[in-house]
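Before any comments, here is the structure.
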Amino acid sequence: MSDFADFTCDGKYFSIKYPAKWGKSENITTGRTYKEYGAVFQGPEKEGVFAYLSFTYYGKDHGRFDSYQKYLKLNAYPDKDLPIAGEKYYTVKKIKLNGAQAFDFTQDTFKYVPPDGVNPKKVSIRVRKILIPSQVGGFFVLELNTPISSYTGNNIIFEKSVKTFKALI
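In terms of my numbering, the sequence shown has 127 at position 115, counting the first letter as 1, and numbering is strictly consecutive.
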């Protein structure tokens, strides 16, 4: 995996490999303030939207997500009170990732490009997430966010990264 680089998040909660040519954004101050440790890796653009990978540890003292169950409820299922036309949620799958229990879930959504444009183009987006509960509290979320038109290739890259994930706590 010479085309991948090593990443260990602030606080040393996990390590993972990411595509070396993708841009990296890590806000350590925000992470420590909100108990969200990790980084976002920006990949290629298609249809005016950049693909990205996001790898995050949500601490057990996180202000909004005090449990992985709450995160799943708010992210893996449609909001019955505020459904968004055009969004699709797929079945949540229980999987094993490097020996740990995990949840794999996908959502189809959309973005408008440009977001504030007069006649924006609607771009179909697929978001795939893998949530891994931590044995010491908190949980990890590994995410791919990409235009559906480039999902297959970017999902291969995502899966290569996911296979290198190591919880360090």
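Idealized CB from N, CA, C, for every residue including glycine.
Report the three-state DSSP secondary structure of residue i (helix, strand or coil).
i	result
G165	helix
G35	strand
Y46	helix
V139	strand
S173	helix
I181	coil
Hey, how far is the Cα of residue i from the Cα of residue j?
i	j	result
T42	A63	22 Å
K82	R76	9 Å
A32	Q54	11 Å
T20	S37	13 Å
L86	F151	15 Å
F170	P145	19 Å
F26	W34	19 Å
G50	D18	13 Å
E48	L65	15 Å
I107	L143	10 Å
K123	L94	17 Å
F177	Y69	12 Å
I44	D78	The sequence given here has Arg at residue 44, not Ile. When rounded, the distance between both Cα atoms is 16 Å.
D73	Y46	9 Å
A97	S161	20 Å
Measuring alpha carbon to alpha carbon, tell me which of the options ends up nearest residue i.
i	options	result
A88	S146, V139, A17, K133	V139
F16	I28, G23, K24	I28
K175	G165, N110, K106, V153	N110
K172	Y30, E155, F122	Y30
K84	A112, V125, K105, N39	It should be pointed out that residue 84 corresponds to Leu in this sequence rather than to Lys. The shortest Cα separation from L84 among A112, V125, K105, N39 belongs to K105.
A114	Q147, I168, S162, Y46	Q147
Quick one, are the C-beta atoms of residue i and residue j less than 9 Å apart?
i	j	result
E59	K133	yes
S136	D120	yes
L180	F67	no
G149	G71	yes
T118	K141	yes
Y80	P90	no
V61	P159	yes
For residue i, is the beta carbon positioned less than 8 Å from some heavy atom of the ligand FAD?
i	result
Y89	Of ligands this structure carries none, so the ligand FAD is not represented either.
Complete runs of the alpha helix (DSSP H) confined to the region 57-105 [at least 4 residues]: Listed in chain order, the alpha helix (DSSP H) runs fully inside the region 57-105 are 80-87, counting runs of at least 4 residues.
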